[in-house]
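Residue numbers (our numbering): 593 to 1080.
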């Protein structure tokens, strides 16, 4: 595969983009077109939901048959409709843009989006929301569904995506709905093993039907209580406790937050990636998976002082998995570890993963950056430095999906603020140039080079938020308002 070298990027960005490097122009144009063309004017019911997939050739919301990008399962997208979880970054982007420009329509749009999401996508029986890995609202069918109209599925499961749920924003929109939604997360847990807080990553959206937690292949529901889901559940319950002070939610937050801590090796503080799942990717420790758990623990601890011990656990476990994963000879990280700290094999985490659904080292770098922001512990600064050095030495590939570019741009800005290294700002500018050259359709940013579709699931609006953040950095407003929040 031919790669774009850093030196060539510097030259090409000077030539190709000198005529228009106004990042705010691209941000506003993209967001304005989402507002104009993305809302639900299809089917028999119109509402303020925003489409997750748009065909940039005619700015329509396609009904079906949009090919997936590399690593994406065709049925786990919101073709023909809207998945609010895909728009976690969209919400933050619109709120920041409204704050920056003083143009209130961006805030109004996402607030209307949230109200209609809670109106049309919350199940009245379970309280669970039709969002995340599998569920979405289809504009043409005017209903919640899985798969597109040409290929619908019956397995209507609630499952979190690995991004912080926007509970605070939704709480301000409809407190009762959010209380019910988080309460419904308990339907992921199986009685009578609830006291162990083992869970199934799936819960039926439309009815209470508790599945086995085990992840073995012979269990048809494929429980797989993944480590990242445990962290997301802990965060959700800790949020609800911070709002209500009810002991019930403290119990659930503590139970979810203790699960993988109990499964760790106390000598190394390493833990498995998925309980009772026989696959290598599950039964060994992973820097990528463990860092997500630690990240959600830290964010849970920030919800209420009574959860400060979760911060302590998060710091112990993150430092441990980073130490054992680091290969000093290769200046890189091992992918998987035995719980005694030995590498499972010689496989290293890629610096850049160019599709969807895999892990690269940039995700860990963003977690380390957030830990440094919160704690000011120089150990995390050194972790950021290691990842930054790896990224600066890596050429950008011609073939990529937008989420990988978004992560590289955002991490470069994280690292620049921490390390004050101008090479990282230059790197961020180069990634922005690639985005504009390769992914700008004239109306919206698309999924990959030579494509025609915008797709929110692929973190497109994380890229756009990065462009807005770069605009603020270059105009000496890096600490302006909402975009000082680095979390994801």
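Yeah, the Cβ is synthetic: ideal placement off N, Cα and C, and Gly gets one too.
{"Asked": "Assigned secondary structure, residue 808 (DSSP; H/G/I helix, E/B strand, else coil)", "Found": "Residue placement at residue 808 is poorly supported in this model, since its pLDDT is 46, which falls under 50; the coordinates still yield a value, given next. If DSSP states are grouped into helix, strand and coil, residue 808 belongs with coil."}
{"Asked": "Burial state of residue 821, where buried means 16 or more other Cβ atoms lie within 10 Å", "Found": "buried"}
{"Asked": "Coarse secondary structure for residue 681, derived from DSSP in three states", "Found": "helix"}
{"Asked": "Neighbour-count burial assignment, residue 617, 16 or more Cβ in a 10 Å radius", "Found": "exposed"}
{"Asked": "Beta-ladder partner(s) of residue 857, from DSSP", "Found": "862"}
{"Asked": "C-alpha gap between residue 1038 and residue 936, whole angstroms", "Found": "38 angstroms"}
{"Asked": "Residues bridged to residue 881 [DSSP beta-bridge criterion]", "Found": "Beta-bridge pairing links residue 881 to no other residue."}
{"Asked": "Residues bridged to residue 647 (per DSSP)", "Found": "652 and 1045"}
{"Asked": "Coil, strand or helix - residue 697 by DSSP", "Found": "helix"}
{"Asked": "Euclidean distance between Cα positions of residue 784 and residue 869", "Found": "Note that residue 784 scores a pLDDT of 43, beneath 50, so its modelled location is shaky; the value from the coordinates is reported in the next line. Spanning the two alpha carbons is a distance of roughly 20 angstroms."}
{"Asked": "Distance between beta carbons of residue 632 and residue 731, contact taken as under 8 angstroms", "Found": "5 angstroms"}
{"Asked": "Straight-line Cα distance separating residue 846 from residue 898", "Found": "10 angstroms"}
{"Asked": "The beta strand (DSSP E) enclosing residue 953, as first and last residue numbers", "Found": "Counting along the chain, residue 953 falls outside any beta strand (DSSP E), though it belongs to the alpha helix (DSSP H) covering 953-967."}
{"Asked": "Closest by C-alpha distance to residue 799, when choosing among 774, 998, 1055 and 715", "Found": "715"}
{"Asked": "Neighbourhood of residue 881 by C-beta, 7 angstroms cutoff - its chain only, sequence neighbours within 5 removed", "Found": "819, 820 and 865"}
{"Asked": "Proximity below 8 angstroms, CB of residue 1005 to CB of residue 1058", "Found": "yes"}
{"Asked": "Whole-angstrom distance between residue 969 and residue 913, CA atom to CA atom", "Found": "16 angstroms"}
{"Asked": "Classification of residue 860 by the beta-carbon crowding that lies within 10 angstroms, buried from 16 upward", "Found": "buried"}
{"Asked": "Helix, strand or coil at residue 717 according to DSSP, with G and I counted as helix", "Found": "coil"}
{"Asked": "For residue 690 and residue 669, the rounded distance between their alpha carbons", "Found": "28 angstroms"}
{"Asked": "Closest residue to residue 755 among 788, 681, 703 and 832 (Cα-Cα distance)", "Found": "681"}
{"Asked": "Limits of the beta strand (DSSP E) - the one that residue 736 falls within", "Found": "735-737"}
{"Asked": "CA nearest to the CA of residue 1011, picked from 976, 1020, 984 and 744", "Found": "976"}
{"Asked": "Reduced DSSP category for residue 642 - H, G, I as helix; E, B as strand; rest coil", "Found": "strand"}
{"Asked": "Opposing strand residues paired with residue 924 [DSSP bridges]", "Found": "919"}
{"Asked": "Identity of the residue in 850, 766, 927 and 1041 nearest residue 877 by Cα", "Found": "927"}
{"Asked": "For residue 751: DSSP bridge partner residues", "Found": "724"}
{"Asked": "Rounded separation between residue 737 and residue 1030 - CA only", "Found": "33 angstroms"}
{"Asked": "Cut-off 6 angstroms between Cβ atoms - residues of its own chain near residue 615, not counting five sequence neighbours on either side", "Found": "1059, 1062 and 1063"}
{"Asked": "DSSP state of residue 1068 mapped onto helix, strand, coil", "Found": "coil"}
{"Asked": "Rounded C-alpha distance that separates residue 626 from residue 642", "Found": "7 angstroms"}
{"Asked": "Beta-carbon proximity of residue 1046 to residue 702, cut-off 8 angstroms", "Found": "no"}
{"Asked": "Local Cβ density within 10 Å of residue 951, reported as buried at 16 or more and exposed below that", "Found": "buried"}
{"Asked": "Nearest to residue 751 (by Cα), restricted to the options 774, 769, 795 and 764", "Found": "795"}
{"Asked": "Residue 989, DSSP secondary structure in three states", "Found": "strand"}
{"Asked": "Other residues of its chain near residue 638: CB distance less than 7 angstroms, five sequence neighbours each side excluded", "Found": "632"}
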